[in-house]
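For reference, the structure is listed below as structure tokens.
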Amino acid sequence: MVEMLNSNPEVLLRKRRNAERTKLEKQQLARQRDEKVRKQKRVRKQRFIRAESMVAQTLATEREKERVKRVSKLALKKARGELDRLASDRDYMVKVRETSDGDELVREKFLYDGTPTLIFVVRVRGPTAVNIPHKAFKILQLMRLVMTNTGVFVRLNEKVYPLLKMIAPYVVIGRPSLSSIRSLLQKRSRIVYQKEDDSEPREMALNDNSIVEEKLGDQGIICIEDMVHEIASLGDSFAKCTFFLQPFQLNREISGFGALNKLKKIKQREDSLKTRQLSNSATAPVIEIDIDSLIAKLN
Numbered sequence: 001m002v003e004m005l006n007s008n009p010e011v012l013l014r015k016r017r018n019a020e021r022t023k024l025e026k027q028q029l030a031r032q033r034d035e036k037v038r039k040q041k042r043v044r045k046q047r048f049i050r051a052e053s054m055v056a057q058t059l060a061t062e063r064e065k066e067r068v069k070r071v072s073k074l075a076l077k078k079a080r081g082e083l084d085r086l087a088s089d090r091d092y093m094v095k096v097r098e099t100s101d102g103d104e105l106v107r108e109k110f111l112y113d114g115t116p117t118l119i120f121v122v123r124v125r126g127p128t129a130v131n132i133p134h135k136a137f138k139i140l141q142l143m144r145l146v147m148t149n150t151g152v153f154v155r156l157n158e159k160v161y162p163l164l165k166m167i168a169p170y171v172v173i174g175r176p177s178l179s180s181i182r183s184l185l186q187k188r189s190r191i192v193y194q195k196e197d198d199s200e201p202r203e204m205a206l207n208d209n210s211i212v213e214e215k216l217g218d219q220g221i222i223c224i225e226d227m228v229h230e231i232a233s234l235g236d237s238f239a240k241c242t243f244f245l246q247p248f249q250l251n252r253e254i255s256g257f258g259a260l261n262k263l264k265k266i267k268q269r270e271d272s273l274k275t276r277q278l279s280n281s282a283t284a285p286v287i288e289i290d291i292d293s294l295i296a297k298l299n
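Start counting the sequence shown at 1; every next residue gets the next number (the UniProt record's numbering).
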């Protein structure tokens, strides 16, 4: 009996050796990443910054802080019911879409009545030379939108609306169609999952219905198509489905550093400024774009 306990099969020994090697490799990679981050910080500290750039950055950041302050103050007054001296006590949204020929933009302003609505929120670059205010950055962290070109599904309601106003310069939103939801989950869905052979959870693509059944089977969701239906219909398990998924990492609309790509980026920036006409007013409406066309470009 003692001999059986002391003797390890060859397979177990190999697995243990491979696990130790993998652990050492991960530790080495982590040390290299930390060293790279430290070097980048030293380079940034030693970089020369012109006085004009510092002034522009300070002014832009102050304007953004004032905007966030006005939006949060308005939301607080609405929550308290202090509606006497408000410029507007209603919430508006503006839907922006292109005409059939693509030459003009059509803007349709409508009143948001608080009805729960599915939207897809994509993180984009904010205004030039602006340091994101702490309150806005906290909201981006809460929505898991710290990195640009990431997107999440959100249930829009009366509580989420003021948060979207707070982070309006850093995101674009829209109502996705069923085909866009299905396309995102089939192509871009990733989860954090620990397999039997893994020593710790790791990020992986979601392409196995058995994992969905294991994690969400108690909610009656056994496959990816069930998740598509649950998200599209804003079902009872909407939050569990969305937080089971990692934020969708989307492609850049234009990538590369060639001359032609630079021209395309300039045109894209101009089109973005036309579509997303940002305002510093506390009562500015939330802008909604044709998110299906954007998903088709970035997916």
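Glycine residues also receive a C-beta, built at the ideal position from the N, C-alpha and C atoms.
Please state whether the Cβ-Cβ distance between Met-143 and Val-286 is less than 9 angstroms. no
Taking the alpha-carbon of Arg-190 as reference, which of Gln-249, Met-166 and Thr-148 has the nearest alpha-carbon? Gln-249
Please list the segments of the alpha helix (DSSP H) lying wholly inside the segment 4-61, counting only runs of 4 or more residues, in order along the chain. 10-46
Could you check which residue in Asn-18, Gly-174, Ser-255 and Ala-239 has the C-alpha nearest to that of Gln-292? Looking at the sequence shown, residue 292 is not Gln but Asp. Checked all of Asn-18, Gly-174, Ser-255 and Ala-239; the closest Cα to Asp-292 is Gly-174.
Start-end ranges of the alpha helix (DSSP H) lying completely within the segment 197-247, minimum 4 residues: 209-216, 224-232 and 238-244
Could you tell me the boundaries of the alpha helix (DSSP H) in which Arg-182 lies? 178-188
Alpha carbon to alpha carbon, what distance is there between Arg-182 and Gly-235? 16 angstroms
Suppose contacts are defined by Cβ-Cβ distances below 9 angstroms. Is Gln-186 in contact with Ile-222 by that definition? no
Beta-carbon spacing of Arg-63, Ala-282 below 9 angstroms: no
Count Cβ pairs between the segment 109-124 and the segment 205-219 that sit closer than 8 angstroms; are there 3 or more? no
Using the Cβ count rule (16 or more neighbours within 10 Å means buried), how would you classify Asp-271? exposed
According to the Cβ coordinates, are Ser-296 and Ser-180 closer than 9 angstroms? Per the sequence presented here, residue 296 reads as Ala, with Ser not at that position. Cβ distance < 9 angstroms, so Ala-296 and Ser-180 count as in contact.
Proximity below 9 angstroms, CB of Leu-111 to CB of Arg-97: no
Sub-9 angstroms separation of Thr-61 and Val-130 beta-carbons: yes
Whose C-beta lies closer than 6 angstroms to the C-beta of Glu-108 among residues of the same chain, with five residues either side of it excluded? Lys-95
Taking DSSP as the reference, what is the three-state secondary structure of Arg-97? strand
Can you name, in chain order, every residue of its own chain whose Cβ lies under 8 angstroms from the Cβ of Val-71, other than the five neighbours on each side? Pro-162, Lys-165, Met-166 and Ala-282
Which two residues bound the contiguous alpha helix (DSSP H) that contains Ile-295? 291-298
Alpha carbon of Glu-3 to alpha carbon of Val-212, nearest angstrom: Note that Glu-3 scores a pLDDT of 47, beneath 50, so its modelled location is shaky; the value from the coordinates is reported in the next line. Taking the straight line from one Cα to the other gives about 43 angstroms.
Please classify Ile-266: does DSSP put it in a helix, a strand, or coil? helix
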